[in-house]
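Note sheet for the following structure.
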Amino acid sequence: MRTIKKAELTTQQIVGLTILIISFGVLLFFLARLNLQELTDKEICHNSVVLYDKNPNPLKSNALDCRTSYVCISGGGDCGDFSSTIKREIKLTSDENTNKDRIMKQLAEEMADCWWMFGEGKVDYANFEGFGNKICAMCSVIAFDKTIQGKDYSITYEEFYKFLESTPKDEAEFYLSYIYNTPDKNKIGASEDYLSRKLIFTEQYFILTGMGKSWINWGLNKHWLPMGFEDIFGRKLFDQEYVIPLTILEKTPENFEELGCDEFITKA
Amino acid sequence: MNKKAFLLAEETIKMVIALIALTFLVYFLTSLYFSNQNEKDLGLAKESLDFLVQEIQSGNKQVEIYNPSGWTITSWENNENMPKTCSNFAWKNCICICKEDSYTRRVIGLSEDCDEYPACADSNFQVSGARNWYKKELINSIVISKPFPIQLNINGNQITKNE
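Line by line, the protein sequences give chains A and B.
Numbering of the first sequence is given in the numbering used here, commencing with residue 5 and proceeding in unit increments.
Numbering of the second sequence is given in the numbering used here, commencing with residue 189 and proceeding in unit increments.
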């Protein structure tokens with residue numbers, strides 16, 4: 005009998021090719037799951053912030069390279085008109101508390117990432133040109149999908165900050181300790197008005213930090229008592245630079261007005 | 189020979205030269221600073237324009253623009269007096285975010301400013317806004333100014349500022 009050697013070789017090739025394609029597919033799947041784009045943007049931002057601080061040139065010729073993330077927190081659907089750059093899927097259950105925890109976990113992650121990107125309050129990334137300036141960094145804008153919007157409950161800021169207080173970010177510390185440098189939510193310096201708010205899923209929220217330079221403490225927004233040195237009367241010293249603590253607020257013109265940012269340093 | 193007078197002249201010349209050198213140095217450093225600042229703002233302008241176009245294409249009726257501060261959102265239609273950045277691509281309509289120089293705008297027009305630091309896109313959407321400044325009304329422009337962010341309304345193919 006005559007053996008067709010070429011055909012045998014083709015079968016081998018087909019099997020080889022199939023394995024190759026499947027392996028490539030698996031590799032692609034895991035690469036996509038890793039969400040490297042998001043990681044890269046955050047790394048780029050963090051590096052540019054650190055480099056800016058370390059630049060000995062008083063003209064600060066290097067620019068910050070930080071983008072606002074548009075995050076859709078989804079329970080399976082999409083965020084409608086909101087064009088998101090990142091979609092965070094959460095598995096919704098029939099239990100209200102579990103769902104709330106899962107949503108809060110996503111928000112906490114966004115806040116922690118923002119704090120890390122902008123140097124955890126230890127890095128000076130502002131180039132103040134005048135007095136009384138306030139430079140803001142808009143880390144994320146957050147929207148919820150129709151499934152979450154359809155839930156008939158909301159999350160109070162009390163609940164959310166309690167979650168930050170009691171949920172570990174990693175093995176070393178809790179979210180609240182990491183972001184606000186205190187383990188106690190009552191000591192973060194937030195006003196009563198701020199903590200009495202609610203996270204309503206039909207609205208959009210923004211996560212913001214920044215730096216300011218004040219004459220005295222009168223010019224600061226009412227949500228936070230800023231960190232930094234104070235004189236014996238509790239007033240900020242002249243030309244005092246301060247960090248705007250990480251803030252999550254509903255995206256409304258009134259809230260932007262209250263914050264009173266003179267400039268935004270993040271790219272749209 | 190009057191040595192004192194000779195020394196005085198020498199010192200004066202030295203001082204004049206030093207002054208000229210210092211003036212050049214200050215001019216050079218100032219130019220460097222502003223050029224650098226404008227480059228940074230141009231980066232922000234391009235990102236803001238991309239965001240605006242993307243939001244319009246997604247069908248959003250309201251868009252927030254955060255930066256760059258003091259720059260102007262403007263548009264041209266039917267190829268009229270467009271910046272070269274747009275006309276070189278043979279765009280029929282054009283929307284830009286430009287750094288407005290009051291002197292250039294009054295003498296030559298805003299398109300010249302847009303060519304210096306170009307952040308433009310091909311878009312049918314037209315900016316609708318009017319303001320009086322230096323007794324010359326400038327239509328089709330919205331300034332990115334405080335309070336931030338500015339809110340833009342998209343209505344049909346018109347972009348207006350939400351006051």
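Glycine is no exception: its CB is placed at the ideal position from the N, C-alpha and C atoms.
For the candidate residues the options, whose alpha-carbon lies nearest to that of residue i?
i	options	result
A:ASN137	A:VAL30, A:TYR246, A:ILE23	A:TYR246
B:GLU304	B:ALA278, B:LEU210, B:SER223	B:SER223
A:CYS140	A:SER78, A:TYR179, A:ILE211	A:ILE211
A:SER144	A:TYR157, A:LYS191, A:PHE122	A:PHE122
B:PRO335	A:LEU21, A:GLN208, A:GLU261	A:GLU261
A:ASN190	A:LYS91, A:PHE167, A:PHE148	A:PHE167
B:ALA307	B:ASN269, B:THR273, B:GLN245	B:THR273
A:THR89	A:LEU96, A:CYS76, A:SER98, A:ASP82	A:CYS76
Would you decide whether residue i is buried or exposed? Buried here means 16 or more other CB atoms lie within 10 Å of its CB.
i	result
A:ARG37	exposed
B:ILE332	buried
B:TYR254	buried
A:ALA272	buried
B:LYS337	This sequence places Pro at residue 337 of chain B; Lys is not what is there. So B:PRO337 counts as buried.
A:SER170	exposed
B:VAL214	exposed
B:PRO271	buried
A:MET108	buried
Does any C-beta atom of chain B lie closer than 8 Å to the C-beta of residue i?
i	result
A:PHE178	no
A:ASP85	yes
A:GLU261	yes
A:MET121	no
A:PRO60	no
A:PHE268	yes
A:CYS265	yes
A:CYS67	According to the sequence shown, residue 67 of chain A is Ala rather than Cys. Yes, its Cβ sits closer than 8 Å to a Cβ of chain B.
Mind checking if residue i is an interface residue toward chain A, Cβ cutoff 8 Å exclusive?
i	result
B:ASN255	yes
B:SER145	Past the boundaries of the shown model lies residue 145 of chain B; chain B is included only from 189 to 351, so the question cannot be answered.
B:GLY247	yes
B:GLU325	With a pLDDT of only 45 at B:GLU325, under 50, the local geometry of the prediction cannot be trusted, and no value is derived from it.
B:GLU268	no
B:LYS287	no
B:LEU363	Past the boundaries of the shown model lies residue 363 of chain B; chain B is included only from 189 to 351, so the question cannot be answered.
B:GLN314	no
My understanding is that residue i touches residue j, with C-beta atoms under 8 Å, so please give their C-beta distance in whole angstroms.
i	j	result
B:ASN248	B:ILE342	7 Å
A:ALA67	B:GLY231	6 Å
A:ILE248	A:GLY214	4 Å
B:TRP259	B:ASP229	7 Å
A:LEU111	A:TYR161	Their Cβ separation, rounded to whole angstroms, is 11 Å, which puts A:LEU111 and A:TYR161 out of contact at 8 Å.
A:TRP119	A:TYR209	That pair is no contact at about 16 Å.
B:GLN314	B:GLN346	6 Å
Can you give me the start and stop residues for the beta strand (DSSP E) that residue i sits inside?
i	result
A:ALA141	138-148
A:LYS91	90-93
B:GLU268	From DSSP, B:GLU268 is part of no beta strand (DSSP E); its letter is neither H nor E.
B:ILE283	282-286
Return the first residue and the last residue of the alpha helix (DSSP H) that residue i is part of.
i	result
A:MET108	100-121
A:LEU263	257-263
B:SER332	Going by the sequence as given, residue 332 of chain B is Ile instead of Ser. Neither: B:ILE332 is in no alpha helix (DSSP H) and is coded neither H nor E.
A:GLU162	161-170
A:GLU196	196-199
A:LEU96	It is not in any alpha helix (DSSP H) - A:LEU96 carries neither H nor E in the DSSP assignment.
B:SER311	Taken as a continuous stretch (DSSP letters only), B:SER311 belongs to no alpha helix (DSSP H), as it is neither H nor E.
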